[in-house]
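Line by line, the protein sequences are chains A and B.
In terms of this note's numbering, the first sequence is residues 12 to 426.
In terms of this note's numbering, the second sequence is residues 4 to 294.
Below: one structure, written as structure tokens.
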Amino acid sequence: MTDNALEPLIRVEKLSKVFGRQGRRALELRRSGRSKAEVEKQTGSTIGVFEASFEVCRGEIFVIIGLSGSGKSTLLRLINRLIEPTEGEVYVEGEPISRMPAGRVREIRRKKMGMVFQHFGLLPNRSVLENITFGLEIQGVCAQERLRRGEEALEMVGLEGQGAKRIGELSGGMKQRVGLARALATGQEILLMDEPFSALDPLIRRDMQNLFLDIQGEIRRTVVFVTHDLDEALRLGHRVAIMRDGEIVQVGNPEEILTSPADEYVERFIEDVDYAKVRSAEAVMVDPKEVAYEAEGPRVVLRRMKRAGMSSIFVVDAERRPVGLCEAEEVARLLESGERSLSGAIDRSVPSVRPDTPLREVLPLFVERKLPVAVVGERGRLEGIVVRGALIAGLVASMNAPASGSNEVEHKALS
Amino acid sequence: MLAFIQPVPRIPLGERVEDVVSFVTENFEWFFSFLESVLTSLVDALSTVLTALPPLAVLGAFYGLAWLVSNWRIALLTAAGLLLLQGLRLWEDAMLTLALVIAATAVALVVGIPLGIVAAKSRGVETVLRPVLDFMQTMPAFVYLVPAIVLLGLGAAPALVAVVIFAMPPAVRLTMLGLQQVSKETVEAASAFGATGWQTLRKVELPLAMPTIMAGVNQVIMLSLSMVVIAALIGAGGLGEEVYQGLSQLDVGKSFKGGLGIVIIAILLDRITRNIRGGGAQKAGSGIKTA
């Protein structure tokens, strides 16, 4: 049995799609250097996608981003052959799909690939539950089993108890939850998502992104996600492919895209990114040079602070969970009054954030205070601290060229 | 001088059509007599049933049908209309007309809806079909009545053929339209989840196109009724006969009565077919109902 973790789940090799009659010729012309517009004039055919190549690994969220007309939706549909390719190949779990018989393609769609659509694609004459189990119905799964899996999916997207509602009664966000549930109910490994949140209000969009990330955290699917919103792409994607005029211009993780744009087009594309939204505490936090333990006394702590040249120090418990912050003057005062315990000097009202908290939410904490903020990880432990200066420097650096800082940690790492 | 006004040579179309019809009549007589008996028995069977049953039974049946398929108001309207027909002593004629309309509608739908489905899926079929449909709807009925009579004699058979030809196009067109108007994304969704063409048609396209298709059914019925007088002309009987007898006898009252009878049936059938709730859909669906 080959090591599946290494074999890409989806592999796309020089995939091209031409709309119109002279497919082959159009591609040849393009290869010989003619621009897309010239090819169109000469052949009357439009090149939708030109020689796209990429891989998607199991458990990854791969985002395809581009403007309208960039070919992103076409590329997505080439993966499950809703659109027939003109040239090139798509391998799903190693199987080439472009020459498969129709029956086999249907099998693959039923068993391996689910899809979520921009305008939901729901059946208005059916209830929520009936829509969710549609994929199962197609497969001939019996009613009882459908009901069970449908209810499970309902719960996953937060719509318990609403199975009997009519689609017409739902808001946009709820409809897309149904769309998502439908793709989850069938349990396919791969999820193809075509601008699923683009038709929703900005507030709802945010909620849906969070829901999606939560679900993905639990049931780790392999996702190919198409969007035109760069912020969304950078927020959700492990890797991002930028498309323009049917071609993939750059593929990389969010950091790479932001710090090393491949060409002028990508540069302009990322110009408007709100860095404070995209970057998180992790990107600017530093290791606290020293910490003080709750049980220690003022003399020891003060000495440590002097040695390290620190004016304030974080206090943690035996498990390295932050308890508060001590300023040097306070510790000195304690020492002078003969106190043995540190507790009198500990300011316990120190704000803390998580490593993935976006900088936009970290910034306000520094309006009133100059002292550092704790970055607390999964088990409540102190992972790092955000210092005002580093925060500002980090933001400024992002806005300019290649960032320094090699303490960027990939927080959505594939485990 | 005349030569300048008519530079195009005369096309002997009339003669050719004559020839074709004679040829067909001579060589396919067996087919047409077969067809004639089938069509006539279809209409006869229906009319026998409707006229043989006591009026009250028919009334009850229609009331029940209307109630099941639409709502109680329509059912009441149906009952009232049928009673009125009794009052006008038009019952037998009305039943004959009804038989003809039902038969014609059935044939038109059985042929027309599948044709509409095929045309919706195939550009080629649609292109061929459109001019044919235009032809069927605009050609004056009398024109194809003549060959119909020649081939099938006088009576219910040619009448049925004429009515079907005239009334079928809406079934085809609206089925086509209904299917083409189904949201592409929804159909895509069905395919994306691995549905076959049949499954998509049955579970997605037809249910979503149903309102438009029903509008087509409604129009078929109405057009059939509009042909009723012509049908009577060639021996189909029914309310149309009242009208055309009144015409030939210059008896205004008679033709008005006949006309009113036709209107009553038209209104009845129109209201019933227009108000079909997806009432079935509330109760049916795919059988999954949270307990």
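All C-beta atoms in this analysis are idealised placements derived from N, C-alpha and C, irrespective of residue type, glycine included.
Computed from a predicted structure; not experimentally measured.
Item checked: the segment 211 to 219 of chain A / the segment 151 to 159 of chain A touching (three or more Cβ pairs under 8 Å) -> In short, these stretches do not touch, since the Cβ pair count stays below three.
Margin query: Is Leu93 of chain A close to chain B? Criterion is C-beta to C-beta, closer than 8 Å.
Written below: Mapped onto the first sequence, residue 93 of chain A falls at position 82. Judged by the 8 Å Cβ criterion, Leu93 of chain A is in contact with chain B.
Check: Quick one, are the C-beta atoms of Glu200 of chain A and Lys123 of chain A less than 8 Å apart?
Finding: For the purposes of this step, residue 200 of chain A is identified with residue 189 of the first sequence, where counting begins at 1. For the purposes of this step, residue 123 of chain A is identified with residue 112 of the first sequence, where counting begins at 1. Yes, the pair counts as a contact, with Cβ atoms nearer than the cut-off.
Notebook entry, point to check: Relative to chain B, which residues along the segment 126 to 152 of chain A have a C-beta separation below 8 Å, given in chain order?
Noted result: Listed in chain order, the positions of the segment 126 to 152 of chain A with a beta carbon within less than 8 Å of a beta carbon of chain B are Met126, Phe128, Gln129, His130, Phe131, Gly132, Leu133, Leu134, Pro135, Asn136, Arg137, Ser138, Leu140, Glu141, Thr144, Phe145, Gly146, Glu148, Ile149 and Gln150.
Notebook entry, point to check: Between the segment 108 to 122 of chain A and chain B, which residues of the former have a C-beta closer than 9 Å to a C-beta of the latter?
Noted result: Those would be Ala113, Gly114, Val116, Arg117, Glu118, Ile119, Arg120, Arg121 and Lys122, in chain order.
Next item on the list: Within the same chain, show all residues whose beta-carbon is closer than 7 Å to that of Ile152 of chain B, passing over the 5 residues directly before and after it, in chain order.
Entry: Counting from one through the second sequence, the residue named residue 152 of chain B turns up at place 149. Exclusion of the five residues before and after Ile152 of chain B leaves Pro161 and Ile237 as the residues of its chain whose Cβ lies within less than 7 Å of its Cβ.
Next item on the list: Flag Thr197 of chain A as yes if its beta-carbon sits less than 8 Å from any beta-carbon of chain B, otherwise no.
Entry: Working through the first sequence from its first residue, we reach residue 197 of chain A at position 186. At least one C-beta of chain B is nearer than 8 Å to the C-beta of Thr197 of chain A.
Note to self: On a Cα-Cα basis, can you pick out the residue from B:Pro150, B:Glu39 and B:Ile116 that is closest to Gly17 of chain B?
What the structure shows: Within the second sequence, numbered from 1, the residue matching residue 17 of chain B stands at position 14. Out of B:Pro150, B:Glu39 and B:Ile116, B:Pro150 has the C-alpha closest to the C-alpha of Gly17 of chain B.
Next item on the list: Would you mind reading off the limits of the beta strand (DSSP E) that contains Glu394 of chain A?
Entry: Counting from one through the first sequence, the residue named residue 394 of chain A turns up at place 383. Counting along the chain, Glu394 of chain A sits inside the beta strand (DSSP E) bounded by residues Leu393 to Val397.
Checklist line | Nearest to Leu211 of chain A (by Cα), restricted to the options A:Ala192, A:Ile230, A:Thr238 and A:Ala113 | finding: Along the first sequence, one-based indexing puts residue 211 of chain A at 200. Among A:Ala192, A:Ile230, A:Thr238 and A:Ala113, the Cα nearest to that of Leu211 of chain A is on A:Thr238.
Next item on the list: Grab the span of the beta strand (DSSP E) containing Val334 of chain A for me, first residue to last.
Entry: Within the first sequence, residue 334 of chain A is the residue found at index 323, counting from 1. Pro333 to Glu338 is the span of the beta strand (DSSP E), which, as asked, contains Val334 of chain A.
Check: Out of curiosity, what's the CA-to-CA distance linking Ile119 of chain A and Glu141 of chain A?
Finding: In the first sequence, residue 119 of chain A corresponds to position 108, counting from 1. In the first sequence, residue 141 of chain A corresponds to position 130, counting from 1. The straight-line gap from Cα to Cα measures roughly 22 Å.
Notebook entry, point to check: What's the call for Ala170 of chain B, buried or exposed, on a 16-neighbour Cβ count within 10 Å?
Noted result: Locating residue 170 of chain B in the second sequence gives position 167, counting from the first residue. By the neighbour-count criterion, in which a residue is buried when 16 or more other Cβ atoms sit within 10 angstroms of its Cβ, Ala170 of chain B is buried.
Notebook entry, point to check: Are the C-beta atoms of Val207 of chain B and some chain A residue less than 8 Å apart?
Noted result: As a first step, residue 207 of chain B is located in the second sequence; it is residue number 204 there, counting from the start. Interface residue, yes.
Next item on the list: Could you check how far apart the C-beta atoms of Ser109 of chain A and Val101 of chain A are, in whole angstroms? I think they sit under 8 Å.
Entry: Mapped onto the first sequence, residue 109 of chain A falls at position 98. Mapped onto the first sequence, residue 101 of chain A falls at position 90. Ser109 of chain A to Val101 of chain A, Cβ: 6 Å. Contact.
Check: By Cβ distance below 6 Å, which residues in the same chain neighbour Gly243 of chain B in space, the five residues on each side in sequence not counted?
Finding: Within the second sequence, the letter at position 240 stands for residue 243 of chain B. So the list reads Val231, Val232, Ala234 and Ala235, once near-sequence residues are dropped.
Check: When DSSP labels each residue in this structure, what does Ser363 of chain A get in the three-state scheme?
Finding: For this step, residue 363 of chain A is matched to residue 352 along the first sequence. Ser363 of chain A falls in the strand class under three-state DSSP.
Check: Ile58 of chain A lies in the beta strand (DSSP E); which residues open and close that run?
Finding: In the first sequence, the residue the question calls residue 58 of chain A occupies position 47. Per DSSP, Ile58 of chain A belongs to the beta strand (DSSP E) from Thr57 to Val67.
Next item on the list: With DSSP as the reference, please indicate the residues paired to Leu250 of chain B in a beta bridge.
Entry: Taking the second sequence and counting its residues from 1, the one referred to as residue 250 of chain B is at position 247. Leu250 of chain B has no beta-bridge partner at all, per DSSP.
Next item on the list: Please report the residue range of the alpha helix (DSSP H) in which Thr178 of chain B lies.
Entry: What you label residue 178 of chain B is simply residue 175 of the second sequence in a count that begins at 1. Segment Pro172 to Gln183, the alpha helix (DSSP H) holding Thr178 of chain B.
Margin query: Do Gly241 of chain B and Gly249 of chain B count as a contact pair if the criterion is CB distance below 8 Å?
Written below: Here residue 249 of chain B is taken as the residue at index 246 of the second sequence, counted from 1. Here residue 241 of chain B is taken as the residue at index 238 of the second sequence, counted from 1. No.
Next item on the list: Scan the segment 176 to 204 of chain B for residues whose Cβ lies nearer than 7 Å to a Cβ of chain A and list them as they occur along the chain.
Entry: Cβ contacts with chain A come from Glu188, Thr189, Glu191, Ala192, Ser194, Ala195, Phe196, Gly197, Ala198, Thr199 and Gln202.
Check: The beta strand (DSSP E) spanning Val74 of chain A covers which residue range?
Finding: Locating residue 74 of chain A in the first sequence gives position 63, counting from the first residue. That run of the beta strand (DSSP E) goes Ile72 to Gly77.
Note to self: For Arg32 of chain A and Met254 of chain A, I'd like the C-alpha separation in whole angstroms.
What the structure shows: Translated into the one-based positions of the first sequence, residue 32 of chain A becomes position 21. Translated into the one-based positions of the first sequence, residue 254 of chain A becomes position 243. Answer to the nearest angstrom: the Cα atoms are 24 Å apart.
Checklist line | Nearest-angstrom beta carbon gap, Leu393 of chain A and Ala385 of chain A [assumed within contact, 8 Å] | finding: In the first sequence, the residue the question calls residue 385 of chain A occupies position 374. In the first sequence, the residue the question calls residue 393 of chain A occupies position 382. Contact between Ala385 of chain A and Leu393 of chain A holds, since their C-beta atoms are separated by about 6 Å, short of 8 Å.
Check: Over what stretch of residues does the beta strand (DSSP E) that includes Arg137 of chain A continue unbroken?
Finding: Taking the first sequence and counting its residues from 1, one reaches residue 137 of chain A at position 126. Note, Arg137 of chain A: premise wrong, no beta strand (DSSP E); not H, not E.
Check: Near Met316 of chain A, what residues of its chain come up, given a Cβ to Cβ distance below 6 Å and the 5 sequence neighbours on each side ignored?
Finding: Residue numbering aside, residue 316 of chain A sits at position 305 when the first sequence is read from its first letter. The beta carbon of Met316 of chain A lies closer than 6 Å to those of Ile324 and Ala339 in the same chain, with the five residues before and after it left out.
Notebook entry, point to check: Since Leu80 of chain B is in the beta strand (DSSP E), which residue starts that stretch and which ends it?
Noted result: Residue 80 of chain B sits at position 77 when you count from the first residue of the second sequence. Bounds of any beta strand (DSSP E) do not take in Leu80 of chain B; it lies within the alpha helix (DSSP H) bounded by Trp75 to Gly90.
Margin query: Using 8 Å as the threshold, is the C-beta distance between Leu87 of chain B and Ile267 of chain B below it?
Written below: Here residue 87 of chain B is taken as the residue at index 84 of the second sequence, counted from 1. Here residue 267 of chain B is taken as the residue at index 264 of the second sequence, counted from 1. Cβ atoms of Leu87 of chain B and Ile267 of chain B: closer than 8 Å.
Notebook entry, point to check: If you follow the beta strand (DSSP E) that Ile279 of chain B is part of, which residue opens it and which one closes it?
Noted result: Here residue 279 of chain B refers to the residue found at position 276 of the second sequence. First-last for Ile279 of chain B: undefined, no H or E at that position.
Next item on the list: Please name the residue in A:Arg290, A:Thr368, A:Met296 and A:Val327 whose C-alpha comes closest to that of Tyr304 of chain A.
Entry: Along the first sequence, read from residue 1 onward, the residue named residue 304 of chain A stands at position 293. Of the listed residues, the one whose Cα sits closest to Tyr304 of chain A is A:Val327.
Next item on the list: Report the rounded CA-to-CA distance for Leu68 of chain B versus Tyr247 of chain B, giving the unit in angstroms.
Entry: As a working mapping, residue 68 of chain B is identified with position 65 in the second sequence. As a working mapping, residue 247 of chain B is identified with position 244 in the second sequence. Distance between the alpha carbons of Leu68 of chain B and Tyr247 of chain B: 31 Å.
Check: Taking Pro58 of chain B as the reference, which of B:Gly90, B:Trp33 and B:Ser44 has the closest Cα?
Finding: What you label residue 58 of chain B is simply residue 55 of the second sequence in a count that begins at 1. Looking at B:Gly90, B:Trp33 and B:Ser44, the one whose alpha-carbon comes closest to that of Pro58 of chain B is B:Gly90.
Check: So what does DSSP say about Ala385 of chain A, is it helix, strand or coil?
Finding: In the first sequence, the residue the question calls residue 385 of chain A occupies position 374. Looking at Ala385 of chain A - three-state DSSP - the assignment turns out to be strand.
Check: On the premise that Ser50 of chain B lies in contact with Met98 of chain B, defined as a C-beta separation below 8 Å, what is that separation, rounded to the nearest angstrom?
Finding: Here the question's residue 98 of chain B lines up with position 95 in the second sequence. Here the question's residue 50 of chain B lines up with position 47 in the second sequence. That belief holds up - the Cβ atoms of Met98 of chain B and Ser50 of chain B are roughly 6 Å apart, short of 8 Å.
Next item on the list: Pick out the complete beta strand (DSSP E) segments inside the segment 225 to 260 of chain A, 3 residues or longer, and give them in chain order.
Entry: Under the rule that a run must span 3 or more residues, the beta strand (DSSP E) segments found entirely inside the segment 225 to 260 of chain A read 233 to 238 and 250 to 255.
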